[in-house]
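Inspection log for the structure reproduced underneath, given as structure tokens.
In the UniProt record's numbering, the protein residues as written are 1 to 158.
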């Protein structure tokens, strides 16, 4: 008796267009979160009549603001992909992150995936390969959710 194992195939992979849309939507959401946190800090500072917090947010340089955004990016991807296997962008494009065998990514894979996003020019890694560095380094795949679920269901029925 042959013991078959499910594996992700190329026909399940999300398209480059879906991946680009994921990236744009997620960057927009990260920007909104960054603005919301800054605004909240300013409002709390105004309500408590503490100029220190308001002045800190207002005086952030471009570089400091960029690094603040990177911290938000890190936690955004880590939390959403750890708990849901997808970000809001992936939810919108109906894609999901999985391991090669179709299982959910574990904490180590999500951490590697998230840290890999901090590599300079990493978003451009999609221009030369089907999968980006954050996919290959973490050994994860972004797949079309409905096609993936259908194929996995057919596989389990065999």
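Here a beta-carbon is modelled for each residue, glycine too, at the ideal position from N, C-alpha and C. Since we're looking at a predicted model, the values are computed, not measured.
- Secondary structure at residue 39: helix, using DSSP grouped into helix, strand and coil.
- Residue 144: member of the beta strand (DSSP E) spanning 140 to 144, first to last residue.
- Listed in chain order, the non-local C-beta contacts of residue 12 below 7 Å within the same chain comprise 143, 144, 147, 148 and 151, local neighbours out to five positions each way being set aside.
- Taking residue 154 as reference, the option from 123, 102 and 138 with the minimal CA-CA separation is 102.
- With a contact defined as Cβ atoms closer than 8 Å, residue 105 and residue 136 miss out at about 13 Å.
- Per the DSSP secondary-structure output, residue 151 pairs with nothing in a beta bridge.
- Within the DSSP secondary-structure output, residue 98 pairs in a beta bridge with 141.
- Here residue 108 is exposed, its C-beta having fewer than 16 other C-beta atoms within 10 Å.
- In this structure residue 14 is buried. Its beta-carbon is surrounded by 16 or more other beta-carbon atoms within 10 angstroms.
- In this chain, the alpha helix (DSSP H) harbouring residue 64 covers 62 to 84.
- Beta bridge pairing from DSSP links residue 115 with no other residue.
- In this structure, the beta-carbon distance from residue 41 to residue 57 falls below 8 Å.
- A direct Cα-Cα distance of roughly 25 Å separates residue 85 from residue 67.
- Distance from the CA of residue 130 to the CA of residue 16, rounded to the nearest whole angstrom, comes to 8 Å.
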